Amino acid sequence: MPQLEAILFVLAKPVSFSKLAKWTNTSIPEVEESLKQYAAMTGERGINITLTNSEAQLTTAPAVHDIVSQVVKDERTGDLTKPSLETLSIIAYRSPIAKTELEAIRGVNCSLIIRNLLIRGLVTETFDKLKGIEVYDITPEYLQLLGVQTVQDLPEYERLHRDIQLGERLAFLDKPGDFFTNNITNDGSDTPTE
Amino acid sequence: MSYEIKLAQYQGPLDVLLQFIEQEQLSITDIALAQITDSFIVYLDTVEELFPEELADFLVIATRLLYLKSRELLPYLITEDDEPATNLAEHLKMYKEFRDASSVLEDRLAHGQYACVRPVSLARLDTVEFNPPAGIATHHLYELYEGVLARLDTVIKIPQAAIRKAITLKEKIATLYSVLQQHKQLQFSDLIQDNKDRMNVVITFLAILELMKQNNVTVQQPKQYSDILIVCN
Numbered sequence: 002m003p004q005l006e007a008i009l010f011v012l013a014k015p016v017s018f019s020k021l022a023k024w025t026n027t028s029i030p031e032v033e034e035s036l037k038q039y040a041a042m043t044g045e046r047g048i049n050i051t052l053t054n055s056e057a058q059l060t061t062a063p064a065v066h067d068i069v070s071q072v073v074k075d076e077r078t079g080d081l082t083k084p085s086l087e088t089l090s091i092i093a094y095r096s097p098i099a100k101t102e103l104e105a106i107r108g109v110n111c112s113l114i115i116r117n118l119l120i121r122g123l124v125t126e127t128f129d130k131l132k133g134i135e136v137y138d139i140t141p142e143y144l145q146l147l148g149v150q151t152v153q154d155l156p157e158y159e160r161l162h163r164d165i166q167l168g169e170r171l172a173f174l175d176k177p178g179d180f181f182t183n184n185i186t187n188d189g190s191d192t193p194t195e
Numbered sequence: 263m264s265y266e267i268k269l270a271q272y273q274g275p276l277d278v279l280l281q282f283i284e285q286e287q288l289s290i291t292d293i294a295l296a297q298i299t300d301s302f303i304v305y306l307d308t309v310e311e312l313f314p315e316e317l318a319d320f321l322v323i324a325t326r327l328l329y330l331k332s333r334e335l336l337p338y339l340i341t342e343d344d345e346p347a348t349n350l351a352e353h354l355k356m357y358k359e360f361r362d363a364s365s366v367l368e369d370r371l372a373h374g375q376y377a378c379v380r381p382v383s384l385a386r387l388d389t390v391e392f393n394p395p396a397g398i399a400t401h402h403l404y405e406l407y408e409g410v411l412a413r414l415d416t417v418i419k420i421p422q423a424a425i426r427k428a429i430t431l432k433e434k435i436a437t438l439y440s441v442l443q444q445h446k447q448l449q450f451s452d453l454i455q456d457n458k459d460r461m462n463v464v465i466t467f468l469a470i471l472e473l474m475k476q477n478n479v480t481v482q483q484p485k486q487y488s489d490i491l492i493v494c495n
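If you're matching them up, the sequences are chains A and B in order.
If you use our numbering, the first sequence closes out at 195, no skipped numbers anywhere.
If you use our numbering, the second sequence closes out at 495, no skipped numbers anywhere.
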């Protein structure tokens, strides 16, 4: 863990888990586990960490933003239109997510919004070799604007993030009531498929 | 029933649907959706005016609403082979979950408590270089640009065609109604006399159906396949 912290400190930018694993001669799951432990320990410290599904970056703690912004000019802004914000939120809660699922949830074509979010650096696009499609995820920057370390810190994350295909859910639902509590997976798994 | 929808910026069809339901203080059910179908159809005009390129998304939801309403109105026509009711209500509930979550995140963003990162030295960004692939020539750039323009062409043309059709029916209703007001009554055959175009006949017929629905005209057909008399109310 000291090694990971040191690398993230000198690079001062988002670093992929695979690079960290290579440099520290460990595996990606090990890196991920160490970084999660690190995130849990930041508590009262002035330094926090941002963790996406693939990258990590050291940051200042959101709680001290007022002080830090006197020292460093932060030109980033959280100004987003409602549709963009809605799209980003769905990506954050459901990532990695395919465009078709995103569009199924919103009932709207999302190509243009995704492109804008990609340009603003709030979303990444990667090719999922297993599924053979492009999937979308949020970038460290979006988590930093929200002032959280990982998506798991978002409100109601566990409930809104479930590893079930949207189509199946819509097709098999016949009982009214809460959409999510009716559809708990048998294995209780909450991790996205890789 | 009159509705007020905030139009400061574009909202998707599901968002609009939710606002209708919330204003009526209904819970999200098939019956509630059937109730607000007419309001949603009326709202299509506003969409066409302000966000014409988004009309298709709204039409998809409108069709699902109409199907739902038809099932509510004519339950005896549903056979076992028919598709089950659309999952629109369930879909909307799920959408609402994400919309609510999104407004919580919006508050957080507005709060402005960002996590800051160390500024990366700008010196490194100074060395901007142009590194074209080996063997590239001017004509390659020309061909690539042509390709881009060709692709843009289809993007620009498709929505235009869709919108033109939608306006035609509306215009048809308007012109037809003014003609009928002048003549008081007309035969359907008079209306389609000069129309060689099959599409035009269909649209004329649809326009009459719409005018009937709005109670602007009454139609009479003495016997099967005979000419239809249209009387202005």
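A virtual CB, placed ideally from N, CA and C, is assigned to each residue, including glycine.
Here the structure is a predicted model, which is why all the values come from computation and not from measurement.
Under the Cβ criterion of 9 angstroms, B:D415 is not counted among the residues facing chain A. The C-beta of B:M356 comes closer than 9 angstroms to at least one C-beta of chain A. Counting only the Cα atoms, B:T480 lies some 45 angstroms from B:R361. By the neighbour-count definition (other C-beta atoms within 10 Å, threshold 16), A:R95 is a buried residue. Taking each of B:F450, B:N462, B:I470 and B:A469 in turn and checking the Cα distance to B:Y487, the smallest one comes out for B:F450. With a threshold of 16 other beta carbon atoms within 10 Å, B:A412 falls short and is exposed. Separation of B:D452 and B:D307 (C-alpha to C-alpha, rounded to the nearest whole angstrom) is 30 angstroms.
Distances from the alpha-carbon of A:D80 to those of B:D369, B:P314, B:Y338 and B:V322 put B:D369 closest. In the three-state reduction of the DSSP assignment, A:L155 falls in the coil class, being assigned neither a helical nor a strand state. A:S70 carries a helical assignment under DSSP once its states are collapsed to helix, strand and coil. Apart from sequence neighbours up to five positions away, no residue of its chain approaches A:K132 with a beta-carbon distance below 6 angstroms. Per DSSP, the beta-bridge partners of A:S17 are A:E56.
Listed in chain order, the positions of the stretch 82-104 of chain A with a beta carbon within less than 7 angstroms of a beta carbon of chain B are T82, K83, P84, L86, E87, S90, I91 and Y94.
In this structure, the beta-carbon distance from A:T27 to A:Q150 does not fall below 9 angstroms. If you check each beta-carbon in the stretch 356-381 of chain B against every beta-carbon of chain A, the ones closer than 8 angstroms belong to M356, Y357, E359, F360, R361, A363, S364, V366, L367, E368, R370, L371, A372, H373, G374, Q375, Y376, A377, C378, V379, R380 and P381.
By the 16-neighbour rule on beta-carbons within 10 angstroms, B:Q443 is exposed. Contact annotation, A:I114 with A:S70: C-beta distance approximately 29 angstroms; criterion of less than 8 angstroms not satisfied. Counting C-beta atoms within 10 angstroms of its own C-beta, A:D138 has 16 or more neighbours from the protein chains shown and is therefore classed as buried. At a Cβ-Cβ threshold of 9 angstroms, A:P15 and A:E56 count as neighbours. Think of a sphere of 7 angstroms around the beta carbon of A:D75: the chain B residues whose beta carbon falls inside it are Y376 and C378, in chain order. About 6 angstroms separates the CB atoms of B:L354 and B:L279; that is less than 8 angstroms, so the two are in contact. Nearest in C-alpha terms to A:K130, of all of A:T61, A:V152, A:P97 and A:Q153, is A:P97.
DSSP places B:Y487 outside both helix and strand once states are collapsed to three, so it counts as coil. Put simply, the backbone Cα of A:T25 is about 11 angstroms away from that of A:E6. One thing to note: A:V152 has its Cβ within 9 angstroms of the Cβ of A:T53. According to DSSP, A:F128 shares a beta bridge with A:E135. A residue is called buried when at least 16 other Cβ atoms come within 10 angstroms of its Cβ; B:I435 meets this threshold and is buried. When C-beta distances to chain B are compared with 8 angstroms, the residues of the stretch 106-138 of chain A below that value are I106, R107, G108, V109 and N110, in chain order. B:V322 sits in a helix when the DSSP states are folded into three classes.
The C-beta distance from A:P63 to B:A377 rounds to 5 angstroms, short enough to fall under 8 angstroms. Residue-level contact by beta carbon holds for A:N49 and chain B, with a gap shorter than 9 angstroms.
For B:Q285, the uninterrupted alpha helix (DSSP H) segment begins and ends at P275 to Q285. If you check each beta-carbon in the stretch 38-65 of chain A against every beta-carbon of chain B, the ones closer than 8 angstroms belong to N49, T51, Q58, L59, T60, T61, A62, P63 and A64.
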